[in-house]
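Only one structure is covered here, and it is reproduced in the block below.
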Amino acid sequence: MISFAKRITARIPEFCMSHWLIRIPLAIVFLQQGTSKLPFDPEDGAAFDLPALVWWFVVYGEIGAGIGLLVGGLVLIKALSELNDIITRFSGIVVCSIMTGVIWVGQPESFWDVILYDNLHVFLWVGGLFFALRGNRT
674 MISFAKRITA
684 RIPEFCMSHW
694 LIRIPLAIVF
704 LQQGTSKLPF
714 DPEDGAAFDL
724 PALVWWFVVY
734 GEIGAGIGLL
744 VGGLVLIKAL
754 SELNDIITRF
764 SGIVVCSIMT
774 GVIWVGQPES
784 FWDVILYDNL
794 HVFLWVGGLF
804 FALRGNRT
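The C-terminal position of the sequence shown is numbered 811 in our numbering, with every residue numbered one higher than the one before it.
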């Protein structure tokens, strides 16, 4: 039975570019959310009880993380692959930071409320965590 499973899995080609299936939608969501907050207006952040400086980091962090995820995945020159890996990891950290803030601003009653009812933000947070931990070694 194990030999049969090995033969089948050996015939399935490896898709080494599968990280783009996560990278592109995550980048699109963050670019869309960031650009929807332009032009920068501190009053928008005040609606969430956020100071202007924090709101500035949210707006430009979302745009930067989206661009960073896309640029970080493009390894056109082998000599820059380490730099691209750092860009991807940093973008993942920014995604996690922003999503943590979004979840906190929502003031959930418990951890389980977040897990069960805030699916989109949890998925975005986990996507950011994936790139923060794996970088371009996907």
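Each residue gets a CB set at the ideal place from its N, CA and C atoms; glycine is no exception.
Query                                                                                                                                       : Result
Report buried or exposed for N809, applying the criterion of at least 16 other Cβ atoms within 10 angstroms of its Cβ.                      : buried
Starting from R810 and walking both ways along the alpha helix (DSSP H), at which residues does that stretch end?                           : From DSSP, R810 is part of no alpha helix (DSSP H); its letter is neither H nor E.
Since D791 and G774 are thought to touch, with beta carbons under 8 Å apart, how far apart are those beta carbons, to the nearest angstrom? : The pair is not a contact, with the Cβ atoms about 13 Å apart (cut-off 8 Å).
In whole angstroms, give me the CA-to-CA distance for I685 and A805.                                                                        : 28 Å
Could you give the distance in angstroms between the alpha-carbon of T708 and the alpha-carbon of A700?                                     : 12 Å
Is L711 closer than 8 Å to V732 when the C-beta atoms are compared?                                                                         : yes
Is it true that the CB of S764 sits closer than 8 Å to the CB of L749?                                                                      : no
Which runs of the beta strand (DSSP E) fall wholly inside the segment 723 to 810 and span at least 3 residues, in chain order?              : none
Please report the residue range of the alpha helix (DSSP H) in which F703 lies.                                                             : 693 to 708
Going straight from the alpha carbon of L726 to that of C769, what length do you get?                                                       : 18 Å
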